[in-house]
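Undergrad: Got a structure for you, questions after.
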Amino acid sequence: MNVLTNDAIQNPTAVEMRVKKEIRERKKLHEKINQERALTKEEKLDKLKVKHERDLKKGYYSAVFTVKRLVNKQHAFKVDINAKQMNLTGLCLNLTEGQSLIIVEGSELSVNKYKKLMLNRINWTQNVMPKKRVKVDDMDMNMDIDIDDSTDFVEDLSKNKCEMLWEGQLTKLHFQKWTMYNFDDDLDILDLLAKYKLDNYWRQVIASSV
1479 MNVLTNDAIQ NPTAVEMRVK KEIRERKKLH EKINQERALT KEEKLDKLKV
1529 KHERDLKKGY YSAVFTVKRL VNKQHAFKVD INAKQMNLTG LCLNLTEGQS
1579 LIIVEGSELS VNKYKKLMLN RINWTQNVMP KKRVKVDDMD MNMDIDIDDS
1629 TDFVEDLSKN KCEMLWEGQL TKLHFQKWTM YNFDDDLDIL DLLAKYKLDN
1679 YWRQVIASSV
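In structure tokens form, the structure reads like this:
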């Protein structure tokens, strides 16, 4: 510290240049570390992509599930995010006042993992209190917070369940991506599935609910 102080007194320009040089070097080092980290992430994604493509070459597989009531947002999130993370394609068709149909397609490994999620890991009888966004205005803070809204109706899911309609190997994939839909009418669901010649699945759902 004393050396730097003495140098600054004797030659302030040289000290300023040295400090700027050290800052530039630290910045370059920081950028290099970030680039290496980014490259590592890209490499990991590339490896996962290669593995997924290799698994798909072993065959295309599918599993079809029905959920009596998909109204718990945590359940819906798990259904959605896990399908994406497992590189599955397919559909989640949710009838607002009825059941839901989930069709997944992909590698045997991914489909089996998803099957364990749907049939074993998710507690379908659990529901949560809906949360409402409330604006908080205060002298020291101005933010939105989530609060439990006990006045909202919480649906009883004690008899809720997930069942598998079908599983097996495919000759080809029906879907190019994973998509979630909400519908108010059975006919709209049948129309969508008919495009893939899979409307028989929803007819089974209708028959089981009669």
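If you count the sequence shown from 1, you need to add 1478 to reach the working numbering.
Built from N, CA and C at the ideal position, the CB exists for glycine as well.
Just so it is clear, the structure is predicted and the values come from calculations on it, not from any experiment.
1. Going straight from the alpha carbon of N1590 to that of L1566, what length do you get?
2. Short check: CB of N1660 to CB of N1572, under 7 angstroms?
3. Any idea what DSSP makes of M1607, helix, strand or coil?
4. Provide the residue span of the alpha helix (DSSP H) that contains F1555, from first to last.
5. By the 10 Å Cβ neighbour count, where 16 or more other Cβ atoms means buried, how is V1542 classified, buried or exposed?
6. Is DSSP giving E1509 helix, strand or coil here?
7. At which residues does the beta strand (DSSP E) containing Y1659 begin and terminate?
8. Return the chain-ordered list of same chain residues with a C-beta closer than 8 angstroms to the C-beta of S1628, the five sequence neighbours on each side being excluded.
9. Within 10 Å of its beta-carbon, does M1642 have 16 or more other beta-carbons around it, so buried, or fewer, so exposed?
10. In angstroms, rounded to a whole number, what distance separates the CA positions of K1551 and H1652?
11. Kindly indicate which three-state DSSP category Y1674 falls into: helix, strand or coil?
12. Would you kindly work out how many angstroms separate the C-alpha atoms of I1625 and F1555, rounded to a whole number?
13. Just to check my reading of the structure: N1560 and L1595 have Cβ atoms closer than 8 angstroms, yes? What is that Cβ distance to the nearest angstrom?
14. Could you pull the DSSP bridge partners for L1644 from this structure?
15. State the Cα-Cα distance for the pair D1622 and D1663, rounded to the nearest angstrom.
16. Could you pull the DSSP bridge partners for T1567 from this structure?
17. Would you identify the three-state DSSP class for S1636, choosing helix, strand or coil?
18. Let me know if Y1674 comes out buried or exposed under the rule of 16 or more other beta-carbons within 10 Å of its beta-carbon.
19. Are V1549 and C1640 touching if we call contact CB-CB under 7 angstroms?
TA: In short, the structure shows the following:
1. 11 angstroms
2. yes
3. coil
4. K1551 to Q1563
5. buried
6. helix
7. W1656 to F1661
8. Because the pLDDT of S1628 is 49, which lies under 50, any placement of that residue in the model is unreliable, and the number read from its coordinates should be weighed accordingly. Cβ neighbours of S1628 beyond the five flanking positions: M1607.
9. exposed
10. 27 angstroms
11. coil
12. Low confidence applies here, because I1625 scores a pLDDT of 44, under 50, leaving its location unreliable; read the following figure in that light. Looking at the two C-alpha atoms, the distance is approximately 20 angstroms.
13. 5 angstroms
14. The amino acid at residue 1644 is misidentified as Leu; the sequence shows Trp. DSSP lists V1542 as partners of W1644.
15. At D1622 the pLDDT is 48, less than 50, meaning the model places this residue with poor confidence; the figure from the coordinates comes in the next sentence. Near 35 angstroms, if we compare the C-alpha coordinates of D1663 and D1622.
16. E1583
17. coil
18. exposed
19. no
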